[in-house]
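Just so we're aligned, residue 97 is where the sequence shown starts under the numbering used here, counting upward by one.
Backbone N, C-alpha and C fix where the C-beta goes; we use that ideal spot for every residue, glycine too.
Since the model is a prediction, treat every value here as computed from it, not as a measurement.
Written below as structure tokens is the structure these notes are about.
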Amino acid sequence: MESCPTDPLVARHCLPCEGGVDKLTPSQVTPLLTQVPQWCVDDSGDRIYRKIKFRDFAAALAYLNRVGELAEEEQHHPYLHLTGYRQVRIELTSHAIGGLSENDFILAAKIDAITPG
């Protein structure tokens, strides 16, 4: 079943992006960001990110592996950072267009759905 632009982000799927489309403008980003309130836009405006603190290294690593599996399913790949043994930072951008696309928000919503607590 195809997803529809009015479906919740979590119910949609990332579409292949090989460039040739414009990155989202700030006015397009704002309503999408309200659907993933745990995420922030970085200073450049070209990425969104989320920070999550886990109880220990093993929990953080297991979570990152789940995010990696999800990214593979969606064929949209985030930057994943594990620092301080339990601090996770995930950054999303659409590499081919050098900025944000709807795919970033779709994957953010899917990541939120698998994030504990």
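- Restricting attention to I202, R146, G194 and G195, the CA atom closest to the CA of L111 is found in I202.
- By the C-beta criterion, the region 141-156 is judged to be in contact with the region 178-195, since at least 3 inter-stretch pairs fall below 8 Å.
- Where E187 is concerned, the enclosing beta strand (DSSP E) starts and stops at Q183 to L188.
- Taking E114 as the centre and dropping the five residues before and after it, the same chain places the C-beta of A192 closer than 8 Å to its C-beta, in chain order.
- By the neighbour-count criterion, in which 16 or more other beta carbons inside 10 Å mark a residue as buried, I210 falls on the exposed side.
- In the three-state reduction of the DSSP assignment, K119 falls in the coil class.
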